[in-house]
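Note that my numbering has the sequence shown beginning at 4, numbered continuously upward. We treat Cβ as the ideally placed atom computed from N, Cα and C, and that holds for glycine. Just so it is clear, the structure is predicted and the values come from calculations on it, not from any experiment. Data block below; observations after.
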Amino acid sequence: IMFGHCNGTLANLRSKCHVPLCFLLWYILNVAYNITNKWALDGVQKFVAENTSHASPLPFTIGCLQFGIGAIYACMIWAIGWRRPVPHADEMRRAGTVLLDSLR
């Protein structure tokens with residue numbers, strides 16, 4: 004990823020580098036998620052092979068568990084009220100302006 008357009012004052016740097024840094028953070032966290040998911044599948048496969056007659060790694064079961072835990076987490080966040088408020092049209096317009104300015 005090239006960050007050549009990220010130069011200037013600190014405020015300017017922060018506004019122009021926000022999107023590339025978000026992509027970089029997303030990529031790093033995605034790699035970490037895939038590694039831990041692989042470890043979980045390998046652990047389940049080893050456990051299943053040692054304790055049952057099945058040799059399947061059960062990826063569907065792991066996926067359902069991940070979805071269920073994520074759904075419970077999202078419902079708790081929603082119920083507690085920790086979610087961010089929906090942005091108004093003026094805020095969205097300002098965010099679009101910042102995005103377009105960062106592309107110049």
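Asked: Between the CA atoms of Lys49 and Thr65 - distance to the nearest angstrom; Found: For clarity, residue 65 is Ile in the given sequence; the question names Thr instead. Whole-angstrom Cα-Cα distance: 14 angstroms.
Asked: Leu24 versus Tyr36: straight-line alpha-carbon distance, rounded; Found: 18 angstroms
Asked: Exposure label - Lys41; buried when at least 16 CB within 10 Å; Found: exposed
Asked: Enclosing alpha helix (DSSP H) for Thr64 [first to last residue]; Found: Pro62 to Ile83
Asked: Sequence-distant residues of the same chain with beta carbon closer than 8 angstroms to Trp81, five excluded per side; Found: none
Asked: Ser56 in three-state terms, based on DSSP; Found: coil
Asked: Rounded straight-line distance, which links the Cα of Val22 to that of Leu32; Found: 15 angstroms
Asked: Arg17 (DSSP reduced to helix, strand or coil); Found: helix
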